[in-house]
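Undergrad: One structure, pasted below without further comment.
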Amino acid sequence: LLSVQSVYCALKLFSDRRFLLKLFLRMYSSHRTTVSFLVALFSIAGTINFIEAARNNRHVTCGTVLKLVNTDYKVRLHSHDVKYGTGSGQQSVTATELQEDVNSHWAVKAATGKHCERGEPVKCGDTIRLHHLATNKNLHSHHFQSPLSGNQEISAYGDEHGEGDTGDHWLVVCSGDSWVRTNPVRLQHIDTDMYLGVSGRTFGRPINGQMEVIGLPNPYSGTEWIAAEGLFIHPTEKDSGAHVHTEL
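Quick look at the structure:
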């Protein structure tokens, strides 16, 4: 039987994500017998392979869960169960410097009433929704002023089923045929034509240090975003029934 150290090293080679290492340690402490430990270990083999295939996919695809980094301010698009005190009073959307925060996970979905195949590359010019996993709401905008700079407010919106309205629709503005992970993109709000951006201004309590996310009329400074950490569904995996939970 392989030693604990050798299996640990093998898992680390498969992925540099700490959640796999934590999972291994929990498994080892829970399954003391050789047989039960091996069964538990092999049970995550498919998950590891699934993650490796997803990480090697160069496109952002339908069903992808990602974090978006603003290329000018180096902050990640973020939301949380904190309401704006002005404007719409809806759930606030900000940007954070923290890399590891579950409140920065967004899932790529088709527009309301539309369907996209899981694993299908998102094309430049497609209309998408970005679904905030932690709160079950969608990235949204409308004709309200943002609280710090007075630009257009960006919020998170939706009912208990994660459904909102056309204010959740964003046009993917990029070069080429499809949204490539390593290339910056812009997201233009369909209803108001504003571009998703960052003002550079920071909030005080209760969200100290987080930056204001806004809608801007022109695609200039602060409006480019790049896909960072995430689970990028590979087209060959689109029919897989695997469910992966990660701490990306």
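Sequence positions in the sequence shown follow my numbering and run 1407 to 1654. C-beta atoms are modelled at their ideal positions from N, C-alpha and C, and glycine is treated no differently.
Return the chain-ordered list of same chain residues with a C-beta closer than 8 Å to the C-beta of N1455, the five sequence neighbours on each side being excluded.
TA: Stepping through the sequence shown from its first residue, residue 1455 is reached at position 49. The predicted position of N1455 is uncertain, since its pLDDT is 48 and thus under 50; a value taken from the coordinates is nonetheless stated next. None.
Undergrad: Is it buried or exposed, S1498, if we count other Cβ atoms within 10 angstroms and call 16 or more buried?
TA: Looking up residue 1498 in the sequence shown gives position 92. S1498 comes out buried.
Undergrad: Going by Cα to Cα distance, which pick from N1624, S1494 and G1628 is closest to M1617?
TA: What you label residue 1617 is simply residue 211 of the sequence shown in a count that begins at 1. For M1617, the nearest C-alpha among the options comes from G1628.
Undergrad: Run through the region 1463-1516 for me and flag every whole beta strand (DSSP E) of 3 or more residues, listed as ranges in chain order.
TA: Counting whole runs of 3 or more residues, the region 1463-1516 contains the beta strand (DSSP E) stretches 1471-1476, 1482-1489, 1497-1502 and 1512-1516.
Undergrad: Where does P1641 sit, in a helix, a strand or coil, going by DSSP?
TA: Sequence index remark: in the sequence shown, residue 1641 carries index 235 (1-based). Here P1641 sits in helix by DSSP.
Undergrad: Look up G1570 in the DSSP assignment and say whether it is helix, strand or coil.
TA: Indexing the sequence shown from 1 puts residue 1570 at position 164. Coil at G1570, not helix or strand.
Undergrad: Can you grab the Cα-Cα spacing for the pair R1482 / S1605, in whole Å?
TA: In the sequence shown, residue 1482 corresponds to position 76, counting from 1. In the sequence shown, residue 1605 corresponds to position 199, counting from 1. Cα to Cα, R1482 sits roughly 13 Å from S1605.
Undergrad: So, with DSSP's three-state summary, where would you put A1540?
TA: The residue given as residue 1540 occupies position 134 in the sequence shown. Three-state DSSP puts A1540 in coil, outside helix and strand.
Undergrad: Roughly how far, in whole angstroms, is the beta-carbon of D1597 from the beta-carbon of G1621, given that I think they are within contact range, below 8 Å?
TA: Taking the first residue of the sequence shown as 1, we reach residue 1597 at position 191. Taking the first residue of the sequence shown as 1, we reach residue 1621 at position 215. Rounded, the Cβ-Cβ distance is 10 Å, inconsistent with contact.
Undergrad: Since C1530 contacts S1584 with CB under 8 Å, what's their CB separation in whole angstroms?
TA: The sequence position of residue 1530 within the sequence shown is 124, counting from 1. The sequence position of residue 1584 within the sequence shown is 178, counting from 1. Right, the Cβ-Cβ distance comes to about 6 Å (below 8 Å), so this counts as a contact.
Undergrad: Give the range of the beta strand (DSSP E) segment to which H1575 is assigned.
TA: To locate residue 1575, count along the sequence shown from 1; it is residue 169. Where H1575 is concerned, there is no enclosing beta strand (DSSP E), given that its DSSP letter is neither H nor E.
Undergrad: In angstroms with no decimal places, state the Cα-to-Cα distance between L1536 and D1507.
TA: For the purposes of this step, residue 1536 is identified with residue 130 of the sequence shown, where counting begins at 1. For the purposes of this step, residue 1507 is identified with residue 101 of the sequence shown, where counting begins at 1. Taking the straight line from one Cα to the other gives about 17 Å.
Undergrad: Quick one: using the 10 Å Cβ neighbour count with 16 as the cut-off for buried, is K1515 buried or exposed?
TA: Position 109 of the sequence shown, counted from the first residue, corresponds to residue 1515. Buried, since its Cβ has 16 or more Cβ neighbours within 10 Å.
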